[in-house]
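Here the structure comes first, spelled out in structure tokens, and everything after it is commentary.
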Amino acid sequence: MQKTTLTLVLLFLLTIAQAQKVIVNTVGKDPFNGKADQIVYNAKEGEWTFQSYTVPVIKTTFRPTGYTRGEQVSDAVIAKPQPLTTKITVATAQTVELENNTSIIIQRDKLYYRAGREVKVKSASFFTQGDNNGFRFQLSDQEKFFGGGERALPMDRRGYRFNLYNMAAYGYGLGADNLNFSVPVLISSNGYALFFDNPSKGYFDIGLTDKNLLEAGFQSGELTFYVVFGKNMDEILSNYTAITGRQPLPPRWALGNFVSRFGYRNEEQVQQVVKKMRDNKFPMDGLIFDLFWFGDNIKGTLGNLDWGSTTQWPNPKLMIENFRVKDNLKTVLITEPFILQGSKTYTEATPFLSVDAAGKPYSFTDLYFGNGGLVDIFRKPAQDWFWKYYKKQIGNGVAGWWSDLGEPEKHPKEIMHNLKDYGVNRPMSADEVHNIYGHYWSKMLFEKYRDDYPSTRLFHLNRAGFAGSQRYSVFPWTGDVARNWSGLKSQFPVLLGMSASGLPYVHSDAGGFAMADQADAELYTRWLQFAAFTPIFRPHGTALEDYDKTVKNIPSEPALWDEPTRSIVRNYINLRYQLLPYNYTLSYEQAVLGKPLMRPLYYYSFADADAFKAEDQYYWGDNLLVAPVTSQGATARMLYLPEGKWYNFYDNTLLNGKQWLNQPVDINRIPLFVKAGGFIPLWQADSIKSVETYNSKDISLLYYPSETTSSYTFYDDDGTSTRTLEKADYELITFTGVAQGSNISIDIKTNNEALYKRKQVRKFTILVPATAAFTSITVNSKPAAAAKAIKPISLAGGKFASAVIEFAGKQTKIELK
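In our numbering, the protein residues as written are 3 to 819.
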């Protein structure tokens, strides 16, 4: 929008009150000069402020007259508002038009938000009621809302009221409405999102009390919301993560298989489990130690922050090194923010603990694990103290971290926190900062790790945080889910809801965690089949019968199950490893574009009503459609194929989209489909033991033919360095394919020809569904040798024709007949 100068003689006049600030509805004579950092509107009950960004996002803040709790303690938004060319028109309402094709209509004390010519938010207004201040929004008929963090509710959250308060729920299943990660962002099917940048205790009422109203209330903090526009979920999340940040690239090994349980009691037990996994040919990359690493008991040991009994753990540093060298296993340790009385560090930690209203260290008397205090993570000296214990274990070879109880699990409102290091001069109560405690813990760990180990990517398993936590390299798990079929079914809305909230690496304790009286091989199989297509693959559950006779020893590790469970699960773990180049490319798409790895079927369009009904299936990336089995004893399941054509992954049958199918199933497989025109890069090797042996220079490339031209971009780097994107030290290889009858054409090009000046050559084995081998293959119009038809992947029953191509960096055209 070009600079516009207006002379206003109607009811409302404009003035420049400050150099970079425009006041609306204030008497004055100076015309608006076309630039503003912010627009301020003086209303009856307070002051509205509007700011804009280079992406189509509008920030709105309301400051009620006399409001004294308006500190902003969130760092969720990292983008800076831009001084944009702005036009303000005046008639019966004021319209503030911004350069990014958005506008605000001010009509008395109601606001309307418009993208282009279309009003997206019908009206917004401020309210105060009891202890809560917040905003109300008028809803449209048929409008749906997605996101809000972890909720085991239907994906459309309209018609529900739930708290914005991070909270643990032991043994939960379907219907659990308040879990560990409350993210105050909602995506509307009308093409916008609302993000409330307020971490205090609050709530959403999305059309429950009044079917036509969305209400968001908060007990404290700056009263700010952002309207994020986009024509679909993909655009909305791109714009939302443009202001809140995207997840850095993970260490590539994080996409492998984790060996984990609650909990390994001693080194001998861990050695036995790892040997069993190795002997049964399970690939593995991570080894996770729960709280027994720092003590023999569950109670009374939090806060030890160092290895416990030398009888159980005689030489931790040597043990960690041996696992790394012999099995390529990366060690991950759990920590908690509670420091119990009698632990090794309690006396030393006391100056860094949260306090009561009198300024004395607050002592818990009803915490399950024992009496003690909570680290005041908002204090920088407390962060420094905490970090030294992390750093010691990193020196012992620890490769990743697991933060537990970070909601915090116990956080009574009487606790006071000190945020002077962040510019807040009064003590803040627990309820004012509860939802951001885990976020600041993640921030501390990320920034300290970055400063002391600048060339290593952080792996941080966590279960609580806030909007923006993704940029601190968190890998959230969904808490203590029940080990039953309701627990499994609950994971779809929880994982997809978190993915729609900007947290892309959410995953569950595969197999379930809690409250099982006996092993259920079918449930375990179905859960791990599903988990193979989630961001992190980590079977984990309770196995404590030697410690507590009332808790059954149900194994989490697949090698400890009988046949056929063991082999079925191994097939899916092997398939996950084969998909490593595809999965790692999804990580690139998140880091650069803000795309979640798991995507609901309405991700690219809100127009297909049937896509909203298919809540227990999803896209894994763009090219795979996953429909897990979640019913006990199922012999078939209903599933929906969206628009387009789809190949059955197992037999290459081509099916039309826009239809429901009653798909037969057995225990060996879950339905899996590939989009026509889709490319799937695979890692194929005779024996895959860990990601450490991955060779990205020798990749198989599945192409599923389509008469419509399609493209796919494969991402590759060293899998470990922290600045690969910043330094452009990576490669993007784009494949473009089309099928015309039995003739197939595939073009290959790279963004980084310089890599090939060192005589680097990649080998691609092109695989296409076919019953016979290609009879003619040309590369840049020159004949190439044909290869025979093969069966390339575990689980797939269909045949594939193949061609082996060497790629040396120059654009290459392949013709297959």
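Note that beta-carbon positions come from the ideal geometry of N, C-alpha and C, so glycine has one too.
For residue i, is the classification buried or exposed, using 16 other Cβ atoms within 10 angstroms of its Cβ as the cut-off for buried?
i: Arg-725; result: exposed
i: Arg-820; result: Only positions 3 to 819 of the chain appear in the structure, and residue 820 is not among them; the question remains open.
i: Gln-274; result: exposed
i: Pro-707; result: buried
i: Met-640; result: exposed
i: Trp-662; result: exposed
i: Val-770; result: buried
i: Asp-199; result: buried
i: Ile-80; result: exposed
i: Gly-375; result: buried
i: Lys-422; result: exposed
i: Leu-196; result: buried
i: Leu-595; result: exposed
i: Ala-810; result: exposed
i: Asp-618; result: buried
i: Val-763; result: exposed
i: Ala-359; result: exposed
i: Leu-498; result: buried
i: Gly-679; result: buried
Roughly how many whole angstroms lie between the Cα atoms of residue i and residue j?
i: Asp-77; j: Ile-438; result: 9 Å
i: Tyr-652; j: Asn-670; result: 11 Å
i: Tyr-549; j: Pro-560; result: 22 Å
i: Asp-453; j: Phe-461; result: 15 Å
i: Ser-222; j: Gly-72; result: 7 Å
i: Thr-352; j: Arg-267; result: 29 Å
i: Tyr-228; j: Thr-337; result: 34 Å
i: Ser-569; j: Pro-285; result: 13 Å
i: Leu-216; j: Asp-143; result: 12 Å
i: Asn-820; j: Gln-314; result: Because the chain in this structure spans residues 3 to 819, residue 820 falls outside the shown range and cannot be described.
i: Ala-218; j: Trp-295; result: 42 Å
i: Leu-176; j: Tyr-526; result: 18 Å
i: Asp-749; j: Gly-739; result: 6 Å
i: Lys-328; j: Ala-638; result: 43 Å
i: Pro-583; j: Ile-322; result: 28 Å
i: Ala-593; j: Leu-734; result: 14 Å
i: Tyr-604; j: Leu-562; result: 39 Å
i: Leu-16; j: Tyr-115; result: Any reading at Leu-16 needs caution, since the residue's pLDDT is 30, under 50, leaving its predicted position unreliable; the model's value is listed next. One C-alpha to the other measures close to 21 Å.
i: Glu-694; j: Lys-393; result: 24 Å
i: Gly-151; j: Ala-516; result: 22 Å
i: Val-334; j: Leu-289; result: 6 Å
i: Tyr-620; j: Arg-459; result: 28 Å
i: Phe-231; j: Leu-113; result: 16 Å
Have a look at the DSSP bridge pairing and note the partners of residue i.
i: Pro-683; result: Leu-703
i: Trp-662; result: Tyr-642
i: Glu-733; result: Asp-718
i: Val-334; result: Ile-290, Gly-402
i: Leu-769; result: Leu-704, Ser-804
i: Glu-120; result: Ala-117
i: Ala-195; result: Ile-189, Val-230
i: Arg-725; result: In the DSSP output, where bridge partners are listed per residue, Arg-725 has none listed.
i: Gly-204; result: Leu-166, Phe-220
i: Thr-632; result: In DSSP, Thr-632 forms no bridge with anything.
i: Thr-246; result: Paired residues: none, contrary to the question.
i: Glu-237; result: The partner list for Glu-237 (beta bridge, DSSP) is empty, contrary to what the question assumes.
With a threshold of 6 Å (Cβ to nearest heavy atom), would residue i be considered close to the ligand ADP?
i: Ile-290; result: Among the components of this structure there are no ligands whatsoever, and the ligand ADP is therefore not found.
Ordered list of alpha helix (DSSP H) runs contained in the stretch 428-496, each at least 4 residues: 432-435, 439-454
Of all the alpha helix (DSSP H) runs that stay within the bounds of the stretch 251-309, which reach a length of 4 or more residues? 269-281
Three or more C-beta pairs below 8 Å linking the stretch 200-212 and the stretch 434-454: yes
Please give me, in chain order, every unbroken run of the alpha helix (DSSP H) with length at least 4 that falls completely inside the stretch 352-440. 382-397, 432-435
With three or more C-beta pairs closer than 8 Å as the rule, is the stretch 588-595 touching the stretch 568-578? no
Any contact of the stretch 163-172 with the stretch 235-250, i.e. 3+ C-beta pairs under 8 Å? no
Complete beta strand (DSSP E) runs within the stretch 145-179 (minimum length 3 residues, chain order): Secondary structure remark: continuous beta strand (DSSP E) runs of at least 3 residues inside the stretch 145-179, in chain order: 147-151, 162-166.
Taking three-plus beta-carbon pairs below 8 Å as touching, is the stretch 178-197 in contact with the stretch 462-478? yes
Which runs of the alpha helix (DSSP H), 4 residues or longer, sit entirely within the stretch 572-606? 582-595
Does the contact criterion of 3 or more C-beta pairs under 8 Å hold for the stretch 230-243 versus the stretch 535-551? no
On the three-pair Cβ rule with 8 Å, is the stretch 381-389 touching the stretch 406-414? no
If we require 4 or more residues per run, which alpha helix (DSSP H) segments fall completely within the stretch 498-578? 523-533
For the stretch 469-480 and the stretch 497-510, state whether three or more C-beta atom pairs, one from each stretch, are separated by less than 8 Å. yes
Closer than 8 Å is the cut-off here; do at least three beta carbon pairs connect the stretch 118-128 with the stretch 146-156? These segments do not touch.
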